[in-house]
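K.L.:
Please find one structure pasted underneath; my questions will follow.
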Amino acid sequence: MSDTASIVTRFAPSPSGNLHVGGARTALFCWAFAKGRGGRFVLRIEDTDQKRSSDAASIGFAKDLHWLGIFWDEGPLWQGTGGGEHGPYFQSERLDIYNAQLQRLIDAGHAYYAFETAAELDAKRKAATAAGRAYRYDRAALQLDSAQVSANLASGMPAVIRLKCPGRDVTICDEVLGEATIPATEIDDFVIRKADGFPTYHFAVVVDDELMRITHVLRAQEHFTNTARHMLLQDALGFRRPVYAHLPIICNPDGSKMSKRDKDKALRKAVAERSLTSPPAATVDASVWNAWLADKNIQLDLDAAQRLADSIGVALPEINVDDFKRSGYLPEVIVNFLALNGWSPGNDIEKFDLEFLRTHFDPRRVVKTPAKFDRAKLLSFNCDAITSMPAEEFERRAAAHGSAYHPDFMARLGPSGFTMLARASQERSKTLDEMFRGNRFLLVADDELCWEMGKQVQKAMLDGSPCGADHLEALLPILEGHASWSAADLEALVKPFADERAAGQLGKVAQPLRVAVAGGTVSPPIFDTLAILGRESSLARIRRCVTHFKSLREANTR
Ligand code: GLU
Numbered sequence: 000m001s002d003t004a005s006i007v008t009r010f011a012p013s014p015s016g017n018l019h020v021g022g023a024r025t026a027l028f029c030w031a032f033a034k035g036r037g038g039r040f041v042l043r044i045e046d047t048d049q050k051r052s053s054d055a056a057s058i059g060f061a062k063d064l065h066w067l068g069i070f071w072d073e074g075p076l077w078q079g080t081g082g083g084e085h086g087p088y089f090q091s092e093r094l095d096i097y098n099a100q101l102q103r104l105i106d107a108g109h110a111y112y113a114f115e116t117a118a119e120l121d122a123k124r125k126a127a128t129a130a131g132r133a134y135r136y137d138r139a140a141l142q143l144d145s146a147q148v149s150a151n152l153a154s155g156m157p158a159v160i161r162l163k164c165p166g167r168d169v170t171i172c173d174e175v176l177g178e179a180t181i182p183a184t185e186i187d188d189f190v191i192r193k194a195d196g197f198p199t200y201h202f203a204v205v206v207d208d209e210l211m212r213i214t215h216v217l218r219a220q221e222h223f224t225n226t227a228r229h230m231l232l233q234d235a236l237g238f239r240r241p242v243y244a245h246l247p248i249i250c251n252p253d254g255s256k257m258s259k260r261d262k263d264k265a266l267r268k269a270v271a272e273r274s275l276t277s278p279p280a281a282t283v284d285a286s287v288w289n290a291w292l293a294d295k296n297i298q299l300d301l302d303a304a305q306r307l308a309d310s311i312g313v314a315l316p317e318i319n320v321d322d323f324k325r326s327g328y329l330p331e332v333i334v335n336f337l338a339l340n341g342w343s344p345g346n347d348i349e350k351f352d353l354e355f356l357r358t359h360f361d362p363r364r365v366v367k368t369p370a371k372f373d374r375a376k377l378l379s380f381n382c383d384a385i386t387s388m389p390a391e392e393f394e395r396r397a398a399a400h401g402s403a404y405h406p407d408f409m410a411r412l413g414p415s416g417f418t419m420l421a422r423a424s425q426e427r428s429k430t431l432d433e434m435f436r437g438n439r440f441l442l443v444a445d446d447e448l449c450w451e452m453g454k455q456v457q458k459a460m461l462d463g464s465p466c467g468a469d470h471l472e473a474l475l476p477i478l479e480g481h482a483s484w485s486a487a488d489l490e491a492l493v494k495p496f497a498d499e500r501a502a503g504q505l506g507k508v509a510q511p512l513r514v515a516v517a518g519g520t521v522s523p524p525i526f527d528t529l530a531i532l533g534r535e536s537s538l539a540r541i542r543r544c545v546t547h548f549k550s551l552r553e554a555n556t557r
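Numbering that gives the first Met the number 0 puts the last residue of the sequence shown at 557; the count rises by one with no breaks.
Given below as structure tokens:
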């Protein structure tokens, strides 16, 4: 690939659904390739499929790209980015441009109108299959004379426009995949404008790549064979040929596609494990639920899937950029990790930032084979980044995450409680979300906290003599007589108690305290936890806990 300042790349998502990690990596590589060579990066929204496209999806894509730190030089105007002299950047706003180019092709005899209905084409396809032939459009429309075509069009008969293919093999030269020849027999006169008046993907992409001066097309491997069609169109239109580089897909470790289906799969498994027969309140309509349970091919919409997952406490596999954001991954880690899916800078370098990627990205180091998405590695990258961040930064970023996804938490803790929780959590956090997801007990009303009765809790509370419940009962008046409630003060109070009553084994007292206030044996460090909860809440929980376990013990010994 030539290193010139006139390099222009584009990311051209179809705005249906959310930005998938695969799409994000394409955007990242397009951005890095252009920006690392003084070129321009264009964002173009390919919304010619009117049924599947939505403004909400376009906005979601823009937001996600900005979150990752990918800004476009040209494209839709969005928060100070975008604009440019080759717009509009939504294909749905470029119909006049496509129509002019279509007319050019028709006038030159390179394209023609065809009037077959979907049913007629289907019958031809079936006949070909029955006869053991591969289906190709039979060019029947070319038999119509121009008067007939004009009459059909004038009468409003639905029509598509097809490219008249030259019937020659097409050799694609790809920077990643090398050379491949697509035989003429595999390309029939494909549709370039649909009956609804919108261009097909093939046509719009070729026109826009030319008019937007795109020099390098980096896109997903699934488009590789489409490139032959694009090249035929470029030749018919007299356009330049961009350099092509098709990127390997990102898949699950078992080789399956990373798709929304994975979320439904995880939910179905959890629902079966919990033997749920009806949907938890306010998650999914009963009729949707029944249909979903009955047919494995039915998928819940993303919001419903998330509501159901939250309600039954399941972590869904992240697929889209927004999922990773919600799960508390850092954008710089996602960027770093995605870049390693299918590419590497060499020299065993694994940790880098956007700036490094910009200066080092080279498509010649992109691999041909699918990249396997290693979630454990991503999590460990995220953990490293979180634990090595300055405390103030962690607090600031965790607060932003909390405000976006856990406003109830932020309101309950207040600023000083939040600061304490952040300080107590950073060292153990793999994601920004963990300190919220793992500490739900902080939100529960004091008189509604339930105690899990697993082995650990049993051991902490009831084993030995004195047992944990006895220690709590003895400690309670000491705590009640103490006004100051900082972590340091509490430690100074409880340690001598443990020295005296539990032979210096702090755990014998700390663990029952943890169970009392958190409901189980997991919480941030205990003195921090007490301080975060505050004096009144902590004491109320300890009192209830003492009563609860004493009556449990009595019941057991009866
Ligand atoms: N709109 C296409 C997609 O979302 C991109 C096509 C291209 O990059 O040429 O898959």
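We treat Cβ as the ideally placed atom computed from N, Cα and C, and that holds for glycine.
Keep in mind it's a predicted model, so treat the numbers as computed, not measured.
Going by the C-beta, is R218 closer than 7 Å to any heavy atom of the ligand GLU?
P.N.:
Yes, the beta carbon of R218 sits closer than 7 Å to at least one heavy atom of the ligand GLU.
K.L.:
Give the straight-line distance between the Cα atoms of Q90 and T199, rounded to the nearest whole angstrom.
P.N.:
Taking the straight line from one Cα to the other gives about 11 Å.
K.L.:
How long is the line joining the alpha carbons of M434 and L339, rounded to whole angstroms?
P.N.:
Whole-angstrom Cα-Cα distance: 28 Å.
K.L.:
What does the alpha-carbon distance come out to for the pair A285 and L67?
P.N.:
One C-alpha to the other measures close to 38 Å.
K.L.:
Is the separation between the beta-carbon of V283 and that of A269 shorter than 8 Å?
P.N.:
In this structure, A269 does not lie closer than 8 Å to V283 by Cβ.
K.L.:
Would you kindly report the start and end of the unbroken beta strand (DSSP E) that includes I171?
P.N.:
Taken as a continuous stretch (DSSP letters only), the beta strand (DSSP E) holding I171 covers V169 to D173.
K.L.:
Give me, in chain order, the residues of the same chain whose beta-carbon lies closer than 6 Å to that of L377; leave out the 5 immediate sequence neighbours on both sides.
P.N.:
So the list reads F336, once near-sequence residues are dropped.
K.L.:
Hey, how far is the Cα of M0 from the Cα of V242?
P.N.:
Reliability fails at M0, whose pLDDT of 49 lies under 50, so the model's placement of it is uncertain and no value is given.
K.L.:
Do you know offhand how far L529's Cα is from E451's?
P.N.:
Cα-Cα distance, rounded: 19 Å.
K.L.:
At what residue ranges does the segment 307 to 363 contain a whole run of the beta strand (DSSP E), taking only runs of 3 or more?
P.N.:
Correct list: empty.
K.L.:
Applying the criterion that 16 or more other CB atoms from any shown protein chain within 10 Å of the CB defines a buried residue, is D121 buried or exposed?
P.N.:
D121 should be labelled exposed.
K.L.:
At a cut-off of 7 Å, is S13 close to the ligand GLU when judged by its beta-carbon and the heavy atoms of the ligand?
P.N.:
Indeed, a heavy atom of the ligand GLU lies less than 7 Å from the Cβ.
K.L.:
Counting C-beta neighbours from all protein chains within 10 Å, is the total for G37 16 or more, i.e. buried, or is it exposed?
P.N.:
Exposed: under 16 other Cβ atoms inside 10 Å.
K.L.:
For V20, verify whether its CB is less than 7 Å away from any heavy atom of the ligand GLU.
P.N.:
No, the beta carbon of V20 sits no closer than 7 Å to any heavy atom of the ligand GLU.
K.L.:
Under 7 Å from any heavy atom of the ligand COA, does the C-beta of H222 make it?
P.N.:
Among the ligands modelled here, namely the ligand GLU, the ligand COA does not occur.
K.L.:
Pair every Cβ in the segment 216 to 229 with every Cβ in the segment 244 to 251, then say whether three or more of these pairs are closer than 8 Å.
P.N.:
Yes: the two stretches touch, three or more of their Cβ pairs being nearer than 8 Å.
K.L.:
Quick one: what's got a C-beta closer than 6 Å to Q100's C-beta in the same chain, skipping five residues either side?
P.N.:
Around Q100: V206.
K.L.:
Nearest CA to the CA of I541: which residue from V508, A398, R552 and F28?
P.N.:
The candidate whose alpha carbon is nearest that of I541 is V508.
K.L.:
Check whether the Cβ atoms of A26 and I58 sit closer than 8 Å, and answer yes or no.
P.N.:
No. Outside cutoff.
K.L.:
Taking 7 Å as the line, does the beta carbon of A204 fall inside it for any heavy atom of the ligand GLU?
P.N.:
With the sequence shown as reference, residue 204 is identified as Val, and Ala is not the correct amino acid for it. The answer is yes for V204.
K.L.:
To the nearest angstrom, how far is the alpha carbon of R552 from that of A421?
P.N.:
About 37 Å.
K.L.:
Nearest CA to the CA of N98: which residue from K458, D195 and Q142?
P.N.:
That would be D195, whose Cα lies nearest to the Cα of N98.
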